[in-house]
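S.K.: Everything in the sequence shown is counted per the UniProt record's numbering, starting at 1 for the first residue and increasing by one. Beta carbons are placed, not taken as given, at the ideal position from N, Cα and C, and that holds for glycine.
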Amino acid sequence: MTYRGVITDGGEEVELSGTIEDVHQQIKRLNLDFNLTQSVEAREADAEVHRFLQKRNKSNLLCNIEGDHSETANYDWITQGIQYLLALDGVCKVGAGPSTCARISCSYDSGIYLCNDNAWEIEPKCSYLATYAEDIMTQCYDGMYINGQEFDTDNYNIIVAGELC
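Written out as structure tokens, the structure reads:
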């Protein structure tokens, strides 16, 4: 996954690669004043607007998916991944598909993936992608673990699953 966005007030856009946790570490090296907690609080209102405005783009949600992403993820670690996604105002970019998946978050064997089924690369806002992971957590939580996939009408989807990382 490639993150593209501004990391300092009034600064230029940068492109950084890796999971959102990797990107956060790169941002901390480039901007010592970056504070994840303050960024999350500042972006939560923005994410709420995205939930309302783009809810219509969400289509089908599946729990307990089969195949390559059938392992379960830990609720607490996915919550942490969501916080990282909410903290950044830029876009999470993934290459052209079909079926091109990029791990956008991974902590303690719990991953969030962005999968693109378009013939072109896509760049949805990272904070908006967090709302898909939140939906999966709400619908697919079994008391400790989660596994699910939510689709967007723009031909991409988010998967929450166990992953070695």
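Which residues in the same chain as F34 place their Cβ atom closer than 6 Å to its Cβ, once the five residues preceding and following it in sequence are excluded?
M.R.: Contacts found: I27 and K28.
S.K.: Could you tell me whether the region 87-99 touches the region 131-147, using the rule of 3 or more Cβ pairs below 8 Å?
M.R.: Cβ pair count under 8 Å is below three, so no.
S.K.: Report the option in L164, G10, G11 and S110 whose CA atom is closest to the CA atom of I82.
M.R.: Taking only the C-alpha atoms, the option nearest I82 is S110.
S.K.: By alpha-carbon positions, which one of A102, Y108 and L114 ends up nearest to C165?
M.R.: Minimum Cα distance to C165 is reached at Y108.
S.K.: Considering only their Cβ atoms, is the gap separating I78 from Q149 smaller than 8 Å?
M.R.: Taking 8 Å as the Cβ cut-off, Q149 and I78 do not qualify as a contacting pair.
S.K.: C126 lies in the alpha helix (DSSP H); which residues open and close that run?
M.R.: Note, C126: alpha helix (DSSP H), C126 to C140.
S.K.: Give me, in chain order, the residues of the same chain whose beta-carbon lies closer than 7 Å to that of N57; leave out the 5 immediate sequence neighbours on both sides.
M.R.: The residues are D152, T153 and D154.
S.K.: According to DSSP, Y108 sits in a beta bridge with which residue or residues?
M.R.: According to DSSP, Y108 bridges with nothing at all.
S.K.: Under a Cβ-count criterion, where at least 16 other Cβ atoms within 10 Å of its own Cβ denotes burial, should M144 be classed as buried or exposed?
M.R.: Answer is exposed; the Cβ neighbour count stays below 16.
S.K.: Assuming the contact rule is C-beta atoms closer than 8 Å, E121 and A96 should be a hit. Round their C-beta distance to whole Å, please.
M.R.: Indeed, because the Cβ distance is near 5 Å, the residues count as touching under 8 Å.
S.K.: Around the Cβ of N147, are there at least 16 other Cβ atoms within 10 angstroms (buried) or fewer (exposed)?
M.R.: The residue is buried, with at least 16 neighbouring Cβ atoms inside 10 Å.
S.K.: Of the residues N74, S70, I112 and T72, which one's Cα is nearest the Cα of L85?
M.R.: Checked all of N74, S70, I112 and T72; the closest Cα to L85 is I112.
S.K.: State the beta-bridge partners of Y75 as determined by DSSP.
M.R.: Its beta-bridge partners do not exist; DSSP assigns none.
S.K.: I'd like to know whether the C-beta atoms of M1 and I104 end up nearer to each other than 8 Å.
M.R.: It is a contact, given that the beta carbons lie within the stated cut-off.
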